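Colleague:
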Amino acid sequence: MTTESDITPSAADRHHPMLKLALELGPLLIFFFANLRGAWLVERFPVLLELGGPLFVATALFMAATVISLIVSKVMLGHLPIMPFVSGIVVVIFGSLSIYLQNETFIKMKPTIVNALFGVSLLGGLAFGKSLLGYVFNAAFQLDSEGWRKLTVRWGIFFLFLAVLNEVIWRNFSDDFWVAFKVWGTMPITIIFTMAQMPLIMKHTVTPAGEAEK
């Protein structure tokens with residue numbers, strides 16, 4: 005079972021919460037606006053035409069922004085967050101395949117693969133007595149073992165839901181709608197889900213030993 009000491013946040017995590025948010029959200033915003041203004045970008049930078057259509061240009065910039073965000077995270081925070089790191093690997097692999105094969109399917113399936121991987125990992129971790137979610141949300145709050153277990157189950161199921169939702173969206177709607185939903189749809193849904201977990205979090209929050217002594 006995950007212990008409190010296993011999930012103690014680093015000083016950098018506690019002091020740079022907005023930086024963490026910017027590094028995770030930034031590449032998505034670049035992906036959205038690059039797809040939206042793909043024609044303008046190609047006109048200004050003709051070399052981008054070699055990549056293909058707007059979605060491929062956006063994918064290339066998304067890959068570059070993701071790698072840069074991971075480098076900045078390593079330099080500024082001193083470590084690579086688990087979820088952005090795994091997601092970044094999938095972005096680079098599937099993005100490269102999409103551009104090389106000129107097949108949009110690979111980049112469209114990236115959210116499905118990542119969310120399914122997270123969902124299965126979280127639920128599978130519980131089978132081995134590990135609440136892996138503690139390593140992801142360590143900078144945000146500290147919970148007792150029961151709280152981490154319940155929250156991990158909920159997030160595991162939520163990630164699987166996002167995987168299914170992405171499949172429904174990209175297979176039944178336009179590219180522009182899928183890109184917009186990826187940024188402006190998935191994020192609000194995730195925020196609403198996160199806020200809905202606050203009663204559980206508050207119920208199972210524990211005070212770190214160091215702070216309790218103060």
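Each residue of the sequence shown is one higher than the last, beginning at 5 in the numbering used here. Where a beta carbon is used, it is the ideal one built from N, C-alpha and C, also for glycine. These numbers come from a predicted model, not from an experiment.
Taking all protein chains shown into account, decide if SER9 is buried (16 or more other Cβ within 10 angstroms of its Cβ) or exposed.
Modeller: Residue mapping note: residue 9 aligns to position 5 of the sequence shown, counting from 1. No answer about SER9 holds up, because its pLDDT of 32 lies below 50 and its placement is not dependable.
Colleague: Just to confirm my understanding: we take VAL61, look at its own chain, exclude 5 residues before and 5 after, and list those with CB closer than 7 Å. What are they?
Modeller: On the sequence shown, position 57 is the one that residue 61 refers to. Cβ neighbours of VAL61 beyond the five flanking positions: ALA38, GLY42, LEU45, VAL46, LEU52, LEU55.
Colleague: Contact criterion: CB-CB distance below 7 Å. Does ILE161 meet it with respect to chain B?
Modeller: Structure shown: chain B not included; a single protein chain is present.
Colleague: For PRO88, report the span of its alpha helix (DSSP H) as first-last.
Modeller: As a working note, residue 88 is residue 84 in the sequence shown. Note, PRO88: alpha helix (DSSP H), 86-105.
Colleague: DSSP three-state label for LEU147, please.
Modeller: On the sequence shown, residue 147 is found 143 positions in, with the first residue counted as 1. Strand, per DSSP.
Colleague: With 16 other CB atoms within 10 Å as the buried threshold, where does PHE49 fall?
Modeller: Residue 49 sits at position 45 when you count from the first residue of the sequence shown. The residue in question, PHE49, is exposed, as its Cβ has fewer than 16 Cβ neighbours within 10 Å.
Colleague: Leaving out five residues before and five after LEU33 in sequence, what residues of the same chain have Cβ atoms less than 7 Å from its Cβ?
Modeller: Sequence index remark: in the sequence shown, residue 33 carries index 29 (1-based). Once the five neighbours on either side are set aside, the close Cβ partners of LEU33 are VAL187.
Colleague: Since I believe VAL157 is in contact with LEU130 (beta carbons under 8 Å), could you give me their beta-carbon distance rounded to a whole number of angstroms?
Modeller: Along the sequence shown, read from residue 1 onward, the residue named residue 130 stands at position 126. Along the sequence shown, read from residue 1 onward, the residue named residue 157 stands at position 153. So it is a contact: roughly 7 Å between Cβ atoms.
Colleague: At 3 residues or longer, what runs of the beta strand (DSSP E) sit wholly inside the segment 20-71?
Modeller: For the segment 20-71, not a single whole beta strand (DSSP E) run of length 3 or above is found.
Colleague: State the Cα-Cα distance for the pair ILE173 and LEU136, rounded to the nearest angstrom.
Modeller: For the purposes of this step, residue 173 is identified with residue 169 of the sequence shown, where counting begins at 1. For the purposes of this step, residue 136 is identified with residue 132 of the sequence shown, where counting begins at 1. Each residue's Cα considered, the two are about 28 Å apart.
Colleague: Applying the criterion that 16 or more other CB atoms from any shown protein chain within 10 Å of the CB defines a buried residue, is LEU81 buried or exposed?
Modeller: Position 77 of the sequence shown, counted from the first residue, corresponds to residue 81. So LEU81 ends up on the buried side.
Colleague: Suppose you measure from the CA of ILE11 to the CA of ARG175; what does that come to, to the nearest Å?
Modeller: The residue labelled residue 11 in the question sits at position 7 within the sequence shown. The residue labelled residue 175 in the question sits at position 171 within the sequence shown. Because the pLDDT at ILE11 is just 37, under 50, the model does not fix this residue reliably, and the value given afterwards should be weighed accordingly. Those two C-alpha atoms are separated by around 38 Å.
Colleague: Expressed to the nearest angstrom, what Euclidean distance is found between the alpha-carbon atoms of SER102 and PRO85?
Modeller: Along the sequence shown, one-based indexing puts residue 102 at 98. Along the sequence shown, one-based indexing puts residue 85 at 81. Distance between the alpha carbons of SER102 and PRO85 is about 25 Å.
Colleague: Is it the case that the Cβ atoms of HIS208 and LEU164 are separated by a distance below 7 Å?
Modeller: Your numbering for residue 208 matches position 204 in the sequence shown. Your numbering for residue 164 matches position 160 in the sequence shown. Taking 7 Å as the Cβ cut-off, HIS208 and LEU164 do not qualify as a contacting pair.
Colleague: To which residues does DSSP link THR209 through a beta bridge?
Modeller: Within the sequence shown, residue 209 is the residue found at index 205, counting from 1. BP columns for THR209 point to LEU147.
Colleague: Go ahead and label LEU126 buried or exposed: buried means 16 or more other beta carbons lie within 10 angstroms of its beta carbon, across all protein chains shown.
Modeller: Against the sequence shown, residue 126 aligns to sequence position 122. The residue is buried, with at least 16 neighbouring Cβ atoms inside 10 Å.
Colleague: Is it buried or exposed, ILE111, if we count other Cβ atoms within 10 angstroms and call 16 or more buried?
Modeller: As a first step, residue 111 is located in the sequence shown; it is residue number 107 there, counting from the start. With 16 or more other Cβ atoms within 10 Å, it is buried.
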